[in-house]
Amino acid sequence: MDLRRIMETVNMIDNENLDLRTTTMGISLLDCIDSYSDKACQKIYDKITTKAEKLVKVAKDLETEYGIPIANKRITVTPISLIAAASGDSDYVKYAVTLDKAAKAVGVDLIGGFSALVHKGYQNGDRVLIKSIPEALKATERVCSSVNVGSTRSGINMDAVKEMGQIVIENEKINPLNNGNLVIFCNAVEDNPFMAGGFHGVGESDVALNVGVSGPGVVKKALEKVKGESMDVVAETIKQTAFKVTRMGQLVGQEASKRLGVDFGIVDLSLAPTPAQGDSVANILEEIGLESVGTHGTTAALAMLNDAVKKGGIMACSHVGGLSGAFIPESEDAGMIAAAEKGILTVDKLEAMTAVCSVGLDMIAVPGDTPAETISAMIADEAAIGMINNKTTAVRVIPVPGKGVGDSIEFGGLFGYAPIMPVHKESSAAMINRGGRIPAPVHSFKN
Amino acid sequence: MRAILTTVGQDKTGIVAGVSGFLAEKEINILDLSQTILNGYFTMMMVVDVPDDADFTALSSELKDLGKKLGVEINIRNEKMYAAMHELSGGLE
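Top line first, the protein sequences correspond to chains Y and L. Per the working numbering, residue 1 is the first one in the first sequence, and the count goes up by one each step. Per the working numbering, residue 1001 is the first one in the second sequence, and the count goes up by one each step.
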């Protein structure tokens, strides 16, 4: 093979932060259901620790063999609201603690699936699970929780939207960082390998391996070589780069699933940033020609970026899934942080951006005195964007007690830090307190 | 396993000899070799045949140590990695 191509790959990994963001094993817990919760938890622990026993070792072997870092090894499970419903327990903290123990036993970073799907209505397990979220996140370190409150097919469950605003505030009172492990979705996907919103859907295999790629740094470097060229050239450059990045995911995912003896699920094409210098989606948009992310033109540049990443990535792998788009978290992206600190990037602009990319208002720090109804209204707005545009949207918002605009909150590690962004002061309470459901949109009736 | 070994650093005498000597000691056959000066740096690529029973993790870390001794950066990766990235169907089943 041509030496220059070999060195291009070496450079991407050594100098441009190319890595695989996550290998995530999805495990069905449907065969762990039991009316005695202690028995169910034992079955859950046994199944996870058996199926995922070699996950970390195989991922580490592949890191060495292919010379590419795999930043996270994770597990997703069937939404616990479905598994625990048979038990009749009045809270599901015990299940969360079991997941946490199993995650620690096999050495994964995070485990997702303390989840409920209530986009149309609640079953009893959903009610108990949602009420258990604050205590479950308090009692665990690696457990991630998510709740799906809307979908294009069924509309938005405004009772759930209201309740999730209150849950976010309850988390804030215990520990504001716990809200980093809670995602509120519209159109949640069943094969998402990314956290905190990953869970293993009921339509999935018993065990499947899903992979999430990354690579904002690689895209930025590639664009530095086409300064001043037309947008056609920019789009084509992103497409070709995305192909290369995604191929890493396909190769490693295929090999890992073979070695683990499980189905290879999907590759998630998301461009996932980290706070590391040069690993920023915001910096890509600025390389395209914006003085700062958040200014006029941001939405158009992001729409093109997201589409070009998909076009390149889809060709590169056999099955695409998960969220697959550019992530725009506030805290995990050095460029987003800088623009938010200067007040150029606002919640309103972020909301517009979420209409054209995955996934939503992600890791947004807001003032500690933000009312629950305002959080709910932010959730409702995002859910509406997802519902109408037939896409996944999410809210992961972090009110920080005692702090306001001008302050910031430190998350540590891959999560970075976030300057607190202003939210509108005017109340949305009367609308949120109406409850009920927003009906499914007219374009959902396709049968 | 076929692997690609890359060596990058300031050009000086003894790099090729150092790397190939190490590989001979480990009974790793060199199948192809090319080198050039890229952006001012000595850049070498070797396609090698790593025996299936070799400890790849140990080999990889010994090569890194050798690189430090020779003042260059040495990496070894499964060849499939490069084929996957640069060939339409390469490296994938």
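C-beta: ideal position from N, C-alpha, C; glycine also.
Excluding sequence positions up to five before and after residue 1041 of chain L, its CB lies within less than 8 Å of the CB of 1008, 1009, 1010, 1011, all in the same chain and listed in chain order. Approximately 24 Å separates the beta-carbon atoms of residue 147 of chain Y and residue 207 of chain Y; this is outside 8 Å, ruling out the contact. In the three-state scheme derived from DSSP, where H, G and I count as helix and E and B as strand, residue 70 of chain Y is classed as strand.
Here the alpha carbons of residue 1003 of chain L and residue 1036 of chain L stand approximately 19 Å from one another. Chain L has a Cβ within less than 8 Å of the Cβ of residue 67 of chain Y. A Cβ of chain L is located within less than 8 Å of the beta carbon of residue 244 of chain Y.
Secondary structure at residue 436 of chain Y: coil, using DSSP grouped into helix, strand and coil. The beta-carbon of residue 10 of chain Y is placed less than 8 Å from the nearest beta-carbon of chain L. Within the same chain, and ignoring the five residues on either side of residue 266 of chain Y in sequence, the residues whose Cβ sits closer than 7 Å to its Cβ are 191, 210, 319, 320, 321, 322.
Interface residue (Cβ-Cβ distance to chain Y less than 8 Å): residue 1034 of chain L is classified as such. At a cut-off of 8 Å between beta-carbon atoms, residue 1084 of chain L makes contact with chain Y.
Taking C-alpha positions only, residue 13 of chain Y is separated from residue 215 of chain Y by approximately 9 Å. For residue 247 of chain Y, the chain L residues whose C-beta falls within less than 7 Å of its own C-beta are 1084, 1085, listed in chain order. In the structure shown, residue 117 of chain Y falls within a strand segment according to DSSP collapsed to helix, strand and coil. Beta-bridge partners of residue 367 of chain Y (DSSP): Y:400. The C-alpha of residue 228 of chain Y is placed about 14 Å away from the C-alpha of residue 285 of chain Y. Within the model, the alpha-carbon separation for residue 300 of chain Y versus residue 289 of chain Y is close to 11 Å. The beta strand (DSSP E) runs of length 3 or more contained entirely in the segment 292-352 of chain Y do not exist; there are none. The three-state reading of DSSP puts residue 1046 of chain L in strand, counting E and B together.
Apart from sequence neighbours up to five positions away, no residue of its chain approaches residue 1054 of chain L with a beta-carbon distance below 7 Å.
Here the alpha carbon of residue 60 of chain Y sits roughly 10 Å from the alpha carbon of residue 256 of chain Y.
Chain order gives no chain Y residues near residue 1002 of chain L, where near means a beta carbon separation below 7 Å; the closest approach is about 11 Å. Here the C-alpha atom of residue 233 of chain Y lies approximately 33 Å from the C-alpha atom of residue 63 of chain Y. Residue 1077 of chain L is bridged by DSSP to L:1004. In the three-state DSSP reduction, residue 357 of chain Y falls in the coil class, being neither helix nor strand. Residues of chain Y with a Cβ closer than 7 Å to the Cβ of residue 1038 of chain L are, in chain order, 7. Chain-ordered, the chain L residues with CB closer than 7 Å to the CB of residue 64 of chain Y read 1056, 1057, 1060.
In this structure, DSSP gives residue 17 of chain Y a state outside helix and strand, which the three-state scheme calls coil.
When the beta-carbon positions are compared, residue 340 of chain Y and residue 330 of chain Y come within less than 8 Å of each other. Residue 1020 of chain L and residue 278 of chain Y have their C-alpha atoms spaced approximately 35 Å apart. Contact between the segment 31-47 of chain Y and the segment 242-260 of chain Y is absent: fewer than 3 CB-CB pairs across the two stretches fall below 8 Å. For residue 282 of chain Y, the uninterrupted alpha helix (DSSP H) run begins and ends at 281-288, by DSSP.
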